[in-house]
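Respectively, the protein sequence lines represent chains A and B. Those letters in the first sequence? Residues -13 to 207, by our numbering. Those letters in the second sequence? Residues -13 to 207, by our numbering. Reading through the structure tokens given below for one structure.
Number of protein chains: 2
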Amino acid sequence: MTARTPSDSVRDIPEATVARLPVYLRALTTLVDLGTTTCSSEELAAAAGVNSAKLRKDLSYLGSYGTRGVGYDVDYLRYQIAREIGVTQDWPVVIVGIGNLGHALANYSGFRSRGFRVVALLDADPQRKDEVVAGVQVRPFDDLERIVKEHGVAIGVIATPAVAAQDVADRMVASGIRSILNFAPTVLSVPAGVDVRKVDLSIELQILAYHEQRKGQETAS
Amino acid sequence: MTARTPSDSVRDIPEATVARLPVYLRALTTLVDLGTTTCSSEELAAAAGVNSAKLRKDLSYLGSYGTRGVGYDVDYLRYQIAREIGVTQDWPVVIVGIGNLGHALANYSGFRSRGFRVVALLDADPQRKDEVVAGVQVRPFDDLERIVKEHGVAIGVIATPAVAAQDVADRMVASGIRSILNFAPTVLSVPAGVDVRKVDLSIELQILAYHEQRKGQETAS
DNA sequence: CTCGGTTTGTTCTCCCGTTCACAAACTCCT
DNA sequence: AGGAGTTTGTGAACGGGAGAACAAACCGAG
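In structure tokens, the structure reads:
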């Protein structure tokens, strides 16, 4: 991963905790919408689907934002988590590959509501140039570099077929993008300092199939 | 989780390993397409993006399918992993919620090629009843029970808005579905014995944003 | 002010997963 | 046949995360 200098005194939050913070954030937002002003770790844990001890330990990495004997102020805690994750600021994002999945991503409201702004949709197919998806015009892939520079894009989403993914990733890295969310079913190789997260739709199904298969064997024994 | 009886002598594969088997399967399929007949753990690990020691340990849970001094027979190993996961058999699947994401999932070729067959697309909106997506006609949600029974469906995919997800899950469970892949941004509560896996598009982006934010702080310090 | 009830923050222990390192086993060349 | 070179499978050390359990801190009643 990235090297840390000794002077880097930023609190070190465990990776497992980082992965759960967005879940807590969503649960808190739901509670705010319900009009709740205060909640205990037990309640919040139930809403987030985790153990309450785990939740408390996770939150303790951010600081002491609760009150003993009372619980957490929902709105205050929500802001603190949002700030820690970084979704209080605006994150410009480009999506490459406007197939079925690209369409779905461009229209996904969960992005905009969490500080992610889709500034461009790119596709290699010139035929799609005139299309407008979710209020954003599809542009040729070659515009990538210009758009990244112009909007200060740091995060790129790859929703292309597998064969094109590595090329797209290379171009993204060359343009200055340092974080990539990859939906293509390929292992991407990127230089150190660039983060890649992978979402694979069929892998999740295969994991379910494995367990399902075992369930069947169990009842048969 | 599910209770295990003492007589249940099925090899116990660690969860972390199960999650990686589909990755190996895909890497092996790529190698087969390239005409490779044999590969070392080092090569396969590189193709799958993991450590070679981890790969060997993972494979050792399935049995001894390699040859020391030589490596693994690509085609043979591929079949063994596929059999272990259960993708050599046919898995009928229903998708509920034919919005943008449902469309993308229905059209995703990665499902069919791995033993998953979409037998039905369901949507609560009666207006969509006549639509045909990926060669499958959209049907009303109330047909769920009948279709599950008729095709012996064990796996359901939820691609609805968040508010509808819990209801859909309840109906799925009532119909006999025991494995659910949830794309809706909600925590589902299901009875014991039912597996739920969650894919959340915006959570992955938020994790990237967190790391991206820290990168910025680092260069500034 | 004191005491009982409640809830957080944290320590401690246990377990799972990762990685190293090496013996066992196989091939090929001489 | 024997030895050098490879590569697998696994034992053992190591690190991180999960959960239980408890002390510290807060509120409210009397």
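The beta carbon of each residue, even a glycine, is placed where N, CA and C say it ideally should be.
CB contact below 9 Å: residue i versus chain A
i: His137/B; result: no
i: Leu167/B; result: yes
i: Ala155/B; result: no
i: Gly49/B; result: no
i: Arg12/B; result: yes
i: Val143/B; result: yes
i: Glu29/B; result: no
Boundaries of the beta strand (DSSP E) in which residue i is found, first to last residue
i: Lys184/A; result: 181 to 184
Min CB distance residue i to chain B below 9 Å
i: Gln152/A; result: no
i: Arg114/A; result: no
i: Ala160/A; result: no
i: Val79/A; result: yes
i: Gly35/A; result: yes
i: Val124/A; result: no
i: Val173/A; result: yes
i: Pro0/A; result: no
Beta-carbon neighbours of residue i, restricted to chain B and to distances below 7 Å
i: Gln192/A; result: Pro8, Ile71, Val73, Arg100
i: Ala170/A; result: Neighbours of Ala170/A on chain B: none; closest Cβ ~10 Å, over 7 Å.
Within chain A, partners of residue i - CB distance below 7 Å
i: Asn93/B; result: Asn86
i: Tyr196/B; result: Val4, Ile71, Gly72
Chain B contact residues for residue i, given Cβ-Cβ distances below 8 Å
i: Leu187/A; result: Leu91, Tyr94, Gly96, Phe97, Val185
From the options, residue whose alpha carbon lies closest to that of residue i
i: Asn86/A; options: Arg64/A, Arg164/A, Asp109/A; result: Asp109/A
i: Asp(-2)/B; options: Ser27/B, Ser26/B, Tyr47/B, Leu41/B; result: Tyr47/B
i: Ile163/A; options: Val139/A, Gln152/A, Ala32/A, Ile189/A; result: Val139/A
i: Thr22/B; options: Asp61/B, Arg12/B, Gly72/B; result: Asp61/B
i: Val118/B; options: Ile141/B, Asp186/B, Asn93/B, Ile166/B; result: Asn93/B
i: Ser161/A; options: Glu136/A, Ser175/A, Arg98/A; result: Glu136/A
i: Thr16/A; options: Phe169/A, Ala33/A, Leu41/A; result: Ala33/A
i: Gly121/A; options: Val143/A, Leu91/A, Arg12/A, Val149/A; result: Leu91/A
i: Asp128/B; options: Leu167/B, Asn168/B, Val80/B; result: Val80/B
i: Val105/B; options: Gln75/B, Ile67/B, Ile141/B; result: Ile141/B
i: Ala145/A; options: Val159/A, Leu20/A, Lys184/A, Pro177/A; result: Lys184/A
i: Arg98/A; options: Val180/B, Leu187/B, Phe97/B, Thr3/B; result: Leu187/B
i: Ile193/B; options: Arg132/A, Ala155/A, Asp181/A, Glu29/A; result: Asp181/A
i: Glu1/B; options: Gln66/A, His197/A, Ser26/A; result: His197/A
i: Gly83/B; options: Asn168/B, Gln203/B, Glu29/B; result: Asn168/B
i: Val9/A; options: Ser26/A, Cys25/A, Gly35/A; result: Gly35/A
i: Ser95/A; options: Asp156/B, Arg12/B, Ala148/B; result: Ala148/B
i: Val124/A; options: Val18/A, Gly49/A, Pro112/A; result: Pro112/A
i: Thr24/A; options: Tyr58/A, Ala151/A, Gly49/A; result: Tyr58/A
i: Thr53/B; options: Gly72/B, Ser27/B, Pro177/B; result: Ser27/B
Residue interval of the alpha helix (DSSP H) (run including residue i)
i: Arg98/A; result: 95 to 98
i: Gln75/A; result: First-last for Gln75/A: undefined, no H or E at that position.
i: Leu45/B; result: 38 to 46
i: Asp156/B; result: 148 to 161
i: Leu17/A; result: 1 to 19
i: Val176/B; result: Counting along the chain, Val176/B falls outside any alpha helix (DSSP H), and DSSP gives it neither H nor E.
i: Arg132/B; result: 130 to 137
Within chain A, partners of residue i - CB distance below 8 Å
i: Lys43/B; result: The premise fails here: Lys43/B is roughly 18 Å from chain A at the closest Cβ pair, so nothing lies under 8 Å.
i: Val60/B; result: Residues of chain A passing the Cβ test: none, with the nearest at roughly 17 Å.
i: Val134/B; result: Simply none; closest approach about 14 Å.
Closer than 9 Å at the beta carbon, the chain A residues around residue i
i: Ile67/B; result: Here the premise fails: no neighbours, minimum Cβ distance about 10 Å.
Within chain B, partners of residue i - CB distance below 9 Å
i: Lys201/A; result: Thr(-12), Ala140, Arg164, Ser165, Gly179, Asp181
Opposing strand residues paired with residue i [DSSP bridges]
i: Arg125/B; result: Leu108/B
i: Tyr58/B; result: Cys25/B, Gly52/B
i: Gly142/B; result: Val80/B, Ile166/B
i: Arg103/A; result: Pro78/A
i: Val119/B; result: Val122/B
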